[in-house]
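Before any comments, here is the structure.
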Amino acid sequence: MVTLTVNGRRVTADAEQTILDAARAAGIADIPTLCWYPKLPIVGNCRICLVSVEGQAKLVPACATKVADGMVVQTESHAAVENRKGVLRLLLERYPGDHLRNGGRAAPRNEFERYVVRYGVAPTPLGARDLALRHGDERPGDPMIRHDMSTCILCTRCVRACEDIQVVGVLDVAQRGEHAEIIVGADGDPDKAGCTWCGECVRVCPTGAIFEVMPQERFAPEQIRQPQRTVRSVCPYCGVGCQVDLHVADDRIMRVTSPDIELDTPNQGSTCVKGRFGYDFPQHHDRLTKPLIRRGWLKQGGHWVWRGPTGAERRGGPWQSIEAEGQTVKPAGPPRAVGKAVRDLPLLERLDMDIRDRVATPAAWYEPFREASWDEAMELTAQELLRIKRERGGDALACFSSAKCTNEENYVMMRMFRGALGTNNIDHCTRLCHSTSVAAMQRALNTSAASGSMREVEHAADVIFIAGANTTESHPVFGAAIKRAHERGATLIVADPRKTELAARADVHLQMQPGTDVALFNAMLNHVITSGLEAKDFVARRTHAFDKLRESVRAMTPEVAAKITGVPAERIREAAEIYARGPNTSTLWAMGLTQHANGTDLVTSLLNLMLACGMIGRWGAAMMPVRGQNNVQGASDVGAIPFVYTDYRSVKDPKVRAEYAKAWDVPAESLSLKEGLMVTEIVKEESGVRGMYIMGENPIISDPDIAHAEHWFRELEFLVVHDLFLTETARYADVVLPGSSFAEKSGTFVNTERRIQLAQRAVDPPGDARRDLDILIDLSNRLGLRTHFATAEAVMGEIVTVTPSWRGVTYPRLEGAGLQYPVPTPGHAGTAFLFDERFPTADGKGTFVPVEYAPPVELPDDQYPFVMNTGRQLYHWHTGTMTRRASGLDQREPTPVVEIHPDDAAQLGLEDGDLVRLTSRRNAMVSSCRISERVARGQVFVPFHFREAAANLLTNPVLDPYAKMAELKCCAVRLEPAHVAVAD
Amino acid sequence: MGFPHKPHPKETVLLSRYFGEADARNYKGWVKRGGYAALEQARAMEPARVVDIVKDSGLRGRGGAGFPTGLKWSFMPKEKKKPHYLCVNADESEPGTFKDREIMRWTPHALLEGTAIAAHAIQAEVAYIYIRGEFTEPLAIMDKALTDARSAGVFGKLKIHLHRGAGAYICGEETALMSSIEGKRGNPRIKPPFPAAAGVFGMPTTINNVETLAAVPHILTKGAVWYKGLSLSSPKSTGTKLFSVCGHVQQPGNYEVTLGFPLKDLVYELCGGMRPGRTLKACIPGGSSVPILDRAETESCLLDYEGVVERGSMLGSGGVIVFDDSTDMVYQIMRLARFYAHESCAQCTQCREGTAWTTKILERILAGQGKTADLDLLLDLSENMTGKTICVLSDSCAAPVVSGIKKFRSEFEDYIAGRRKPVMVA
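Just so you know, the sequences run in chain order A and B. The first sequence begins at 23 in the numbering used here and counts up by one. The second sequence begins at 25 in the numbering used here and counts up by one.
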């Protein structure tokens, strides 16, 4: 620590701090800055922060000068203040600032103008200036980010944010002297430059030269500057759990900003394109505003009866089935045109109407329904659910809860199904997500969540091993953190059949054949053990059954694995050594590993490698299944899965049951001791399920082999869908309940690092749509379960009483960064990383579970020569329900595509954008192709967001024996060109 | 003036002794002239000893700042923990300066030898010679010399790379040069950290000018005391220096004189004086970045680091630009400002906007559209541009403007008042 004097005040500071840091920390806030921005590299180029230091002939930059003992600083010396005015005057000379001359000075529009006003600098009138306004690359026609470079002051914050925070490097400074300007890539085309539309540049720009276009098109400038209110919420997309601020005007979400970069939030001020620009779906004209009841349901004598058609027509409607739609030849998407062809075309006419409304709900879909009152809809729902329970037993009912809903809603949902309907048939999309991870982690360590935190991966990991996770597209904010870690010097190993962005920048890319991961990880283990690199002490102290493991991998030498995986043996050895040497290796995985019919084994073999090398339980050695949905962790934590109540406590245990029966004030015997069915088991003839409640899920797009699923849903006795839109699944419902989006409710979400975060309501649901929690409370009461929660906070009050690891959670404590559970006591600070001493098993030790390599269920052959892989795109989300109704996102990826390797495309005679027919053993569909070297030869990648070319028509419904996960990542397909004249 | 030419008797030829002798460019020819003996001598010494000798010689940087060379070398870490680098600044771009070019054209091995000695002294394993992009002929000569000397095994483990610049003046600024070597935009960096702590690729680096290094072999062979004796005035300015003289003199060219030599003699004797019928009006003594001297100052100025400062300017790079009484000073100053506006790297506000604005005002004055307030505006701008920026390019633009207005104010006023025919500047 050093002591210095700033403006006559003694200030102590760390020797590594700058004058600016020290002054601001001491509350001396009057040093202006323009180019300086927290966490960005210091360039000191705006020169506005110069201050006087005794003994120095020249002024020194406060942002770039370290403090020293005895230093005497004057921030308001005459020279310093004159310099500030000089800088502002020079910048103003090229700034369109006529409004700053007189009346406008009272209302500065941005950070820069506030300084202009503070220092009373007047610009030369526009007509009398010697210098022209600045220019730079614009982004004409861009759906999300535009530039007005006349207001650019070349502080280069955007360049550094792009380069050093997002590690993308789209923006740069071109030219010299007065001609210097911000450019977008080499030719002004953000697409070619690799822009991901994250909007980090928008966030850091101090003048609005780089701005969001959507608020400007919809709201007045003064509304944007002065929102009605700003509310902290949690992004509704992936499991990173970025905190966002929702700005509200006219009771609509106007724009989304990210909290201060210096706040300890999971996103540290960043968001990705979905988080920042994907916020307008709640306001889409497709939103359901009234409950819908299928025509045919009539109320007679106080009782609802079905008087509509029966048989195949029972759930019919004027639409194509998913199967038929997939096979229809469709128009290929327009070329991506940002910065190019659309330059002079009005945006709305060209893009907004054409593409956005093509995916919106067709008017005909509403025809089989009539609008109803809430009372009618709830009465009918309660009547039918109770009827099926009475006639067939509770297990004839099932529920898909939602990883998009809050912990409180999921809790009330599972409480209702268990307490009122007496069944454990409640599951959600974790089944198609990390269920295999949970099964594997339970088997080895008796745990169900990540052991560590994202920030330890960013700051402390020496090696980052990523298996089957396209983090930069699926979890972009975490992806950027990984890239920053790589830039700081961490070694990156990526195991992925595709050359994803991280794979391309990895130190070692293990590009294996899909589904051969067990061979790869076992071979790495084999090499670790033969080289004596295993963590002997850790293995001895903290694990069981290492000998069995050693035996099981003995035969899987890197040479053998090379033949299976296609990865050279040398590279397997290299990766194994880097992994084992650490010293701190973090292990990340996602759907590439889990979405296989042997997903549990795949994850298990990775856990074996991790445990053998002792890479868990230290800061920097994190075990991170990267969670997909913003609350998939929380929905599982609060018991929306068939085997457990909250905190993963078994439904089979009568003692546990008694505790919940007491909490819910129901007889213990009304709660089932039988484990329920899982998502993939429910959608089967033999499940015996006849009535369903689906909240916020769209299984007719997301389940495997959906042609079959679609048929199954049509056969149900009663189906109620609770959603924002009339989804593909809701088309078949008896009752559709209009729910609320993330912005319309308060509640908590749990992110991938076990962080419970608070989201606040920003706006009201549209029309008669209700808050999800209110719908569930109402229905619970109608089903006979006394439920009297006034608020989400009250629900949390009950959750913590039955959830030991959440016992210290209260809403006030969640303000700010939230809490990482376990939070076992009221004063507990939360847990950043777990297992430093023991695992939560009976004896505290982990167990190796040897697994043998087995080939994927479906291998390519002469008839089906390609391996199809499915997954997410950067701009879309799952079944597209939200993102395809977010105007900016949808304009980036308006149509379905299939990624195909250039060599394969050439062989098939396909050019970029051509239509191609994909046929698997189950079904066929038509999509346009995108030629890309990201996929290997012999493989194709199909995003599953598009109903008009649904990837899951083709996928294989074979299930993992433990977690009942389907083989979503690997099936054999045939490709044929489908050049057919396109009809309207 | 081409070579060979006979040196003027008042010159002290040390660096320029072999200028014009084609044979001296060859490795063998250079060895015949005693080349690389100094390197062997240095190699036999501890690095610290070499540093001490150069310190004792009083040699100061010839690139412009005049920082004592031995002292600069001594800043490098004594205990080597990271790779050390040597950068040779051969990006000679200062208007009016063309001495390094001749050193590289005629005595490439002198530079290579000095480079190798310096690398030994600072324990560098890699040296980059950053050559101005337009210097195609010197580059070819340097390239051949380097290949020959390398194949003769002169450099041992030292790796020397020639790095060609791409036409940016700013890359002659030491930290910008390092950014450029790293493959980045040639922007100067904030100091501290100084190069000796974190230079090229973030490693300890020393950067020296071509002429400085070319002098080093002489110091080793003939001794620090001898070199120190080469001084006509201040003991703080020792050795010889090449002066590149251009402008309105009869015989422009490079002249090597002992420091402390009178500027008057350089102009009137060595260069043959002004053109017939013309008289000296002004002189820029140290390359375009330094303040302008008027006639009286020029004629009383001694060419050493202190002497030129006493007259209100700087020795700089030794590029002497001489103006006679036919010169339009306003136009000349505009041309200088325009050069700096063109070459500003555009990082710092004062430089990016200030140089451009200054130029525009001067152009306007020349075009007859000047206002009385413009001169104050120019001085105000120059004040704003001096001592505020990361490097001194902005100061360099301000210096001739301030000194020009001070010393030749009436010429500006003539334009503003319409007493002079407007000059249209393209």
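For every residue, glycine included, the Cβ atom is placed at its ideal position computed from N, Cα and C.
C-beta neighbour in chain B for residue i, strict 8 Å
i        : result
A/Leu42  : no
A/Val95  : no
A/Gly92  : no
A/Gln39  : no
A/Val189 : no
A/Asp152 : yes
A/Asn105 : yes
A/Lys80  : yes
A/Leu155 : no
A/Val109 : yes
A/Gly158 : no
A/Leu72  : yes
A/Leu176 : yes
Residue span of the alpha helix (DSSP H) that contains residue i, given as start and end
i        : result
A/Asp796 : Asp794 to Arg804
A/Cys180 : Arg179 to Arg182
B/Cys375 : Thr373 to Leu390
Sequence-distant residues of its chain with Cβ nearer than 7 Å to residue i (five each side left out)
i        : result
A/Asp376 : Reliability of the predicted coordinates at A/Asp376 is poor, the pLDDT of 42 falling under 50, and no value is obtained from them.
B/Ser203 : Arg209, Gly210, Asn211 and Arg213
A/Ala359 : Any reading at A/Ala359 needs caution, since the residue's pLDDT is 49, under 50, leaving its predicted position unreliable; the model's value is listed next. Excluding positions up to five away in sequence, the list reads Gly163.
Any chain A beta carbon closer than 8 Å to residue i
i        : result
B/Gln371 : yes
B/Ile357 : no
B/Lys384 : yes
B/Arg73  : no
B/Ala7   : Because chain B is modelled from 25 through 450, residue 7 of chain B falls outside the range shown and cannot be assessed.
N- and C-terminal bounds of the beta strand (DSSP E) containing residue i
i        : result
A/Ala472 : Here A/Ala472 belongs to no beta strand (DSSP E), and DSSP marks it neither H nor E.
B/Cys421 : Counting along the chain, B/Cys421 falls outside any beta strand (DSSP E), though it belongs to the alpha helix (DSSP H) covering Leu417 to Lys431.
Partner residues on chain B for residue i, Cβ-Cβ distance less than 8 Å
i        : result
A/Arg116 : Glu377
A/Glu523 : Per Cβ cutoff of 8 Å: no residues; A/Glu523 is ~22 Å from chain B at best.
A/Pro83  : Ile214
A/Val195 : Arg209 and Ala370
A/Gly77  : Ordered by position in chain B, no residue passes the 8 Å Cβ test against A/Gly77, which lies about 15 Å from the chain.
Contacts of residue i in chain B (Cβ-Cβ under 9 Å)
i        : result
A/Arg603 : The premise fails here: A/Arg603 is roughly 23 Å from chain B at the closest Cβ pair, so nothing lies under 9 Å.
A/Leu113 : Thr373 and Glu377
A/Ala202 : Ser368, Cys369, Ala370, Gln371 and Arg376
Spatial neighbours of residue i in its chain, beta-carbon cut-off 6 Å, leaving aside the 5 residues before and after
i        : result
A/Ile232 : His169, Cys180, Cys223 and Val224
B/Ile77  : Ala248
A/Leu370 : Note that A/Leu370 scores a pLDDT of 39, beneath 50, so its modelled location is shaky; the value from the coordinates is reported in the next line. Nothing listed; no residue qualifies.
A/Glu998 : Arg939
B/Ala134 : Ala238
A/His549 : Pro580, Arg595 and Ala598
B/Val269 : Pro276, Cys295 and Val344
Spatial neighbours of residue i in its chain, beta-carbon cut-off 8 Å, leaving aside the 5 residues before and after
i        : result
A/Gln197 : Glu203
Partner residues on chain B for residue i, Cβ-Cβ distance less than 7 Å
i        : result
A/Arg69  : Cys372, Thr373, Gln374, Lys412 and Thr413
A/Ala86  : Ile214
A/Gly66  : Ile214 and Ile414
A/Leu746 : Within 7 Å Cβ-Cβ: nothing; A/Leu746 doesn't reach chain B, min ~48 Å.
Interface partners of residue i on chain A, CB under 9 Å
i        : result
B/Glu367 : Arg198 and Gly199
Within 8 Å of chain A by C-beta, residues of the segment 412 to 425 of chain B in sequence order: Lys412, Thr413 and Ile414
Proximal residues, the segment 389 to 408 of chain B versus chain A, C-beta separation under 9 Å: Asp404, Leu405, Glu407 and Asn408
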